[in-house]
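In this note's numbering, the protein residues as written are 67 to 540. C-beta: ideal position from N, C-alpha, C; glycine also.
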């Protein structure tokens, strides 16, 4: 089998392969399910909007933008607070609880009769959803080797695109079969079904989501496998270290990781590329030649392509160990897409529809690489990794919220010509790709693990059983 397609390193023992399989079946499977539910809940509003919610609740102007904004504010407030809690409270309890609470608030949305109710419920949903994305990346970074992180992060991210896809499929099906059942419009049934799907996922988390490798052994892992999981991180100088004491602030604010990765992700989100399926949905509705079911179903092609490209890019990043070059290579697709949108060939329907797919595919590859790169670059300092991951999420949602309000208002869709939205997106696409690929690569070479390495060395001195040295970054 070609090296690039291998799921393990060539020298991996049978015992370690068995451990990796368990990690994938328990950690990766659960985090993918929870992220799938998060994006199912996050994108359902757009599907509900074009399936009757706009008419029933008398929405107008930028109110769809504001519904999204209140959700984003919840994540902006929640991520920096809830994600560091994972270093104190076991992820086995905290992550499933957040999934359960967010699903309950989604359920309440089916009773909304005015937009102000949606604002409050979307804020609460975002508040409890904030831990799911950053917390899952934190958990993946706690268990996998550097050579394994990118493709796991990609599969995790791909589950969000699957959630976006299934939201469209579910709403298309509900519009045909459930519209008016028990006196409820199909868009109200969408929120009920989302909650029904989310609650079992939370219950799965209580059984299969583990703590960190240095904590108590999960029930599905043998003692030998638990020892191997610790050894794997020891070999890379990423043994879980970093005490929650007065040195935390110094370790975090004196690190380059805390600044570079959130800035890179924030610049990426200024392009609002995550809204690509929504823009395609609004474009199809503006043509007035598609049924509500088609308007919900056709944009899922964007998410389907994003899944393929995200996994492909991260496999290449793991294989090449050059995430910066991978970002440049796939980022060209997003540059092309925004250049086409800025010109807006409105007469060519096929060209525009294919460009939504291409631009979304390019955008989707950058996020998981940045998150995976951050997780491996923070070494064994779990507080630095948790706070950095939380700040990546927060910075991303802050930038995306501001940009979509100022440059991509829904009443100017789909061309966004009054605000020059796509020109704005094109400029930040180029800037984000250059920063992520060049600046972070330079910091990695210049500083290595930085403070994370010092923390590791300090912990080594006080831990007689650990004798491995911190590897020099390549």
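Backbone CA spacing between residue i and residue j [nearest angstrom]
{"i": "residue 247", "j": "residue 367", "result": "29 angstroms"}
{"i": "residue 147", "j": "residue 163", "result": "15 angstroms"}
{"i": "residue 544", "j": "residue 459", "result": "Nothing about residue 544 can be reported from this structure: the residues present for the chain run from 67 to 540 only."}
{"i": "residue 269", "j": "residue 231", "result": "23 angstroms"}
{"i": "residue 220", "j": "residue 253", "result": "30 angstroms"}
{"i": "residue 281", "j": "residue 209", "result": "12 angstroms"}
{"i": "residue 483", "j": "residue 352", "result": "15 angstroms"}
{"i": "residue 409", "j": "residue 105", "result": "30 angstroms"}
{"i": "residue 345", "j": "residue 488", "result": "11 angstroms"}
{"i": "residue 486", "j": "residue 475", "result": "11 angstroms"}
{"i": "residue 93", "j": "residue 435", "result": "19 angstroms"}
{"i": "residue 97", "j": "residue 112", "result": "24 angstroms"}
{"i": "residue 431", "j": "residue 378", "result": "8 angstroms"}
{"i": "residue 74", "j": "residue 293", "result": "18 angstroms"}
{"i": "residue 481", "j": "residue 411", "result": "10 angstroms"}
{"i": "residue 544", "j": "residue 512", "result": "Residue 544 lies beyond the stretch modelled for the chain, which goes from 67 to 540, so this question has no answer here."}
{"i": "residue 503", "j": "residue 514", "result": "16 angstroms"}
{"i": "residue 85", "j": "residue 313", "result": "34 angstroms"}
{"i": "residue 392", "j": "residue 124", "result": "45 angstroms"}
{"i": "residue 324", "j": "residue 127", "result": "38 angstroms"}
{"i": "residue 394", "j": "residue 328", "result": "18 angstroms"}
{"i": "residue 175", "j": "residue 433", "result": "29 angstroms"}
{"i": "residue 83", "j": "residue 296", "result": "15 angstroms"}
{"i": "residue 362", "j": "residue 285", "result": "42 angstroms"}
{"i": "residue 189", "j": "residue 134", "result": "9 angstroms"}
{"i": "residue 137", "j": "residue 107", "result": "10 angstroms"}
{"i": "residue 376", "j": "residue 437", "result": "13 angstroms"}
{"i": "residue 301", "j": "residue 385", "result": "19 angstroms"}
Continuous alpha helix (DSSP H) stretch holding residue i: start and end
{"i": "residue 472", "result": "448 to 472"}
{"i": "residue 388", "result": "Segment: none, residue 388 is in no alpha helix (DSSP H) and carries neither H nor E."}
{"i": "residue 300", "result": "289 to 300"}
{"i": "residue 182", "result": "181 to 209"}
{"i": "residue 74", "result": "Neither: residue 74 is in no alpha helix (DSSP H) and is coded neither H nor E."}
{"i": "residue 128", "result": "Unbroken run through residue 128: none, as it is neither H nor E."}
{"i": "residue 247", "result": "It is not in any alpha helix (DSSP H) - residue 247 carries neither H nor E in the DSSP assignment."}
{"i": "residue 78", "result": "That residue, residue 78, is in no alpha helix (DSSP H); it is neither H nor E in DSSP."}
{"i": "residue 349", "result": "342 to 353"}
{"i": "residue 315", "result": "314 to 319"}
{"i": "residue 503", "result": "Taken as a continuous stretch (DSSP letters only), residue 503 belongs to no alpha helix (DSSP H), as it is neither H nor E."}
{"i": "residue 359", "result": "358 to 363"}
Beta-carbon proximity of residue i to residue j, cut-off 9 angstroms
{"i": "residue 213", "j": "residue 387", "result": "yes"}
{"i": "residue 509", "j": "residue 255", "result": "no"}
{"i": "residue 450", "j": "residue 317", "result": "yes"}
{"i": "residue 197", "j": "residue 140", "result": "no"}
{"i": "residue 466", "j": "residue 290", "result": "no"}
{"i": "residue 152", "j": "residue 99", "result": "no"}
{"i": "residue 101", "j": "residue 202", "result": "yes"}
{"i": "residue 149", "j": "residue 453", "result": "yes"}
{"i": "residue 456", "j": "residue 200", "result": "yes"}
{"i": "residue 506", "j": "residue 397", "result": "no"}
{"i": "residue 279", "j": "residue 299", "result": "yes"}
{"i": "residue 348", "j": "residue 360", "result": "no"}
{"i": "residue 122", "j": "residue 251", "result": "yes"}
{"i": "residue 303", "j": "residue 207", "result": "no"}
Helix, strand or coil at residue i [DSSP, three-state]
{"i": "residue 112", "result": "helix"}
{"i": "residue 400", "result": "helix"}
{"i": "residue 135", "result": "helix"}
{"i": "residue 328", "result": "helix"}
{"i": "residue 335", "result": "helix"}
{"i": "residue 303", "result": "coil"}
{"i": "residue 216", "result": "helix"}
{"i": "residue 123", "result": "coil"}
{"i": "residue 542", "result": "The chain is shown from 67 up to 540; residue 542 falls before or after that span and cannot be answered."}
{"i": "residue 154", "result": "coil"}
{"i": "residue 281", "result": "coil"}
{"i": "residue 426", "result": "helix"}
{"i": "residue 484", "result": "coil"}
{"i": "residue 514", "result": "coil"}
{"i": "residue 410", "result": "coil"}
{"i": "residue 438", "result": "helix"}
{"i": "residue 507", "result": "helix"}
{"i": "residue 491", "result": "helix"}
{"i": "residue 529", "result": "Because the pLDDT at residue 529 is just 46, under 50, the model does not fix this residue reliably, and the point stays unresolved."}
Do the region 398 to 405 and the region 422 to 429 meet, that is, are 3 or more Cβ pairs less than 8 angstroms apart? Flag = yes, the region 398 to 405 and the region 422 to 429 touch.
Take every Cβ of the region 329 to 346, pair it with every Cβ of the region 486 to 505, and state whether three or more of those distances are shorter than 8 angstroms. Short answer: they touch.
Inter-stretch contact (C-beta, 8 angstroms, three-pair minimum) for the region 179 to 187 and the region 269 to 285: Judged by Cβ distances under 8 angstroms, the region 179 to 187 makes no contact with the region 269 to 285, as fewer than three pairs qualify.
Take every Cβ of the region 106 to 118, pair it with every Cβ of the region 234 to 251, and state whether three or more of those distances are shorter than 8 angstroms. The answer is yes - the region 234 to 251 touches the region 106 to 118, with three or more Cβ pairs under 8 angstroms.
Is there contact here, the region 158 to 175 with the region 257 to 268, by at least three beta-carbon pairs under 8 angstroms? Taking one beta carbon from each stretch, the region 158 to 175 and the region 257 to 268 have 3 or more pairs nearer than 8 angstroms; the two touch.
Using 8 angstroms as the Cβ pair cut-off and three pairs as the minimum, do the region 367 to 384 and the region 410 to 417 touch? Contact between the region 367 to 384 and the region 410 to 417 is absent, because fewer than three Cβ pairs lie under 8 angstroms.
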